[in-house]
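K.L.:
Shown below is the structure under consideration.
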Amino acid sequence: MTQTHNRQSATILLVDDDPNLVLLVKDYLEMQGYAVLTAAHGREALDQLQQHTPDLIICDVMMPQMDGYTFVSTMRQHQHLHWLPVLFLSAKGQTHDRVKGLQTGGDVYLVKPFEPDELLAQVQALLKQTARLREQQRTSPTAPTPPPGVELTPTETRILQYVARGLANREIAAELHVSQRTVESHVSNMLGKTGLHNRTELARWAIEHHYA
Numbered sequence: 000m001t002q003t004h005n006r007q008s009a010t011i012l013l014v015d016d017d018p019n020l021v022l023l024v025k026d027y028l029e030m031q032g033y034a035v036l037t038a039a040h041g042r043e044a045l046d047q048l049q050q051h052t053p054d055l056i057i058c059d060v061m062m063p064q065m066d067g068y069t070f071v072s073t074m075r076q077h078q079h080l081h082w083l084p085v086l087f088l089s090a091k092g093q094t095h096d097r098v099k100g101l102q103t104g105g106d107v108y109l110v111k112p113f114e115p116d117e118l119l120a121q122v123q124a125l126l127k128q129t130a131r132l133r134e135q136q137r138t139s140p141t142a143p144t145p146p147p148g149v150e151l152t153p154t155e156t157r158i159l160q161y162v163a164r165g166l167a168n169r170e171i172a173a174e175l176h177v178s179q180r181t182v183e184s185h186v187s188n189m190l191g192k193t194g195l196h197n198r199t200e201l202a203r204w205a206i207e208h209h210y211a
């Protein structure tokens, strides 16, 4: 096993009803050193999560029996799973589709067809981001402590930390290598979750709950 494979030993749950795409993505990610579990739809994915806790979920949106949005919304309701980073795959690339994906609980929304290198880069970025957050929560005496009922995704947590430090959306987008629109969508979603009215209130809330 190479040094690269040792570094990339994460487990990924791939949820998609297209067997050809599953085969291609699974083979590609396994070549990069990842372990890949698969499910054909949301219900099967929930069954998988009862047996295994992956490090990341790649999920199609349109699937039979249970679509990606319903699956992720259901998964986020479980305390031991709500932290899992989610990368949505979809053939729908309109702005409102992307916004819905992020508001539903996705951290990244990737439009089909996509380049394998882009998928890999997003996977690596999400895993690094989640690892940093979990390490911070493990070692910090004042780790983020959102009140009951407020559950943030790993990307929302990271963005909130930048908001608490006073960075503008444009600066946050540059730090995370995403579009400013993506950051704005996450901020809007966090305002809805926290019941706050503007970015200033969100920054104050973040500081009070130790995200700074």
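Quick note: the sequence shown uses numbering that gives the first Met the number 0, first residue 0, plus one each step.
Note that beta-carbon positions come from the ideal geometry of N, C-alpha and C, so glycine has one too.
Just so you know, these numbers come straight off a predicted model, no measurement behind them.
What whole-angstrom Cβ distance do P153 and W82 have, given they're in contact under 8 Å?
P.N.:
Locating residue 153 in the sequence shown gives position 154, where the first residue counts as 1. Locating residue 82 in the sequence shown gives position 83, where the first residue counts as 1. Rounded, the Cβ-Cβ distance is 6 Å, consistent with contact.
K.L.:
For D66, which residues from the same chain have a beta carbon less than 7 Å from its beta carbon, with the 5 sequence-adjacent residues on both sides left out?
P.N.:
Position 67 of the sequence shown, counted from the start, is the residue given in the question as residue 66. G41 and V60.
K.L.:
For L166 versus M189, is the C-beta distance shorter than 8 Å?
P.N.:
Here the question's residue 166 lines up with position 167 in the sequence shown. Here the question's residue 189 lines up with position 190 in the sequence shown. No, the pair does not count as a contact, with Cβ atoms beyond the cut-off.
K.L.:
With the cut-off set at 8 Å, would you say L244 and L86 are in Cβ contact?
P.N.:
As shown, the chain starts at 0 and ends at 211. That puts residue 244 outside it, with no answer to give.
K.L.:
At what residues does the beta strand (DSSP E) containing Y68 begin and finish?
P.N.:
In the sequence shown, counting from the first residue as 1, residue 68 sits at position 69. Unbroken run through Y68 is the alpha helix (DSSP H), G67 to R75; no beta strand (DSSP E).
K.L.:
Is it right to say G104 is buried, meaning 16 or more other beta carbons lie within 10 angstroms of its own, or is it exposed?
P.N.:
The count along the sequence shown starts at 1 and reaches residue 104 at position 105. Flag for G104 reads buried.
K.L.:
Is the beta carbon of R157 less than 8 Å from the beta carbon of Q121?
P.N.:
Residue numbering aside, residue 157 sits at position 158 when the sequence shown is read from its first letter. Residue numbering aside, residue 121 sits at position 122 when the sequence shown is read from its first letter. For R157 and Q121, no; Cβs fall outside 8 Å.
K.L.:
Grouping DSSP H, G and I as helix and E and B as strand, with all else coil, what is R6?
P.N.:
Your numbering for residue 6 matches position 7 in the sequence shown. Unreliable positioning characterises R6 in this predicted model, as indicated by a pLDDT of 46, which lies under 50. The coordinate reading is nonetheless provided below. Three-state DSSP puts R6 in a helix.
K.L.:
Going by alpha carbons, who is nearest to L45 out of V149, V182, Y108 and H77?
P.N.:
By 1-based counting over the sequence shown, the position of residue 45 is 46. If we check each option's Cα against that of L45, H77 comes out closest.
K.L.:
Mind checking who Y108 pairs with in its DSSP beta bridge?
P.N.:
Mapped onto the sequence shown, residue 108 falls at position 109. Paired residue(s): F87.
K.L.:
Could you spell out the range, first to last residue, of the beta strand (DSSP E) harbouring A38?
P.N.:
Looking up residue 38 in the sequence shown gives position 39. That run of the beta strand (DSSP E) goes A34 to A38.
K.L.:
Should S89 be labelled buried (16 or more other beta-carbon atoms within 10 Å of its own) or exposed?
P.N.:
As a position in the sequence shown, residue 89 is number 90, starting the count at 1. Buried, since its Cβ has 16 or more Cβ neighbours within 10 Å.
K.L.:
Measuring CB to CB, does L201 end up less than 8 Å from V149?
P.N.:
As a position in the sequence shown, residue 201 is number 202, starting the count at 1. As a position in the sequence shown, residue 149 is number 150, starting the count at 1. No.
K.L.:
Below 6 Å CB to CB, which residues in the same chain sit around T10 once its five sequence neighbours on both sides are set aside?
P.N.:
Start at 1 with the first residue of the sequence shown, and residue 10 comes out as number 11. Closer than 6 Å at Cβ, skipping near neighbours: A34, P53 and D54.
K.L.:
Indicate whether L80 and L125 have their beta-carbon atoms separated by less than 8 Å.
P.N.:
Counting from 1 along the sequence shown, the entry for residue 80 is found at position 81. Counting from 1 along the sequence shown, the entry for residue 125 is found at position 126. No. Outside cutoff.
K.L.:
Determine the contact status of Q179 and R169, defining contact as a CB-CB distance below 8 Å.
P.N.:
To locate residue 179, count along the sequence shown from 1; it is residue 180. To locate residue 169, count along the sequence shown from 1; it is residue 170. It is a contact, given that the beta carbons lie within the stated cut-off.
K.L.:
What would DSSP say about L55, mapped onto helix, strand or coil?
P.N.:
Within the sequence shown, the letter at position 56 stands for residue 55. Three-state DSSP puts L55 in a strand.
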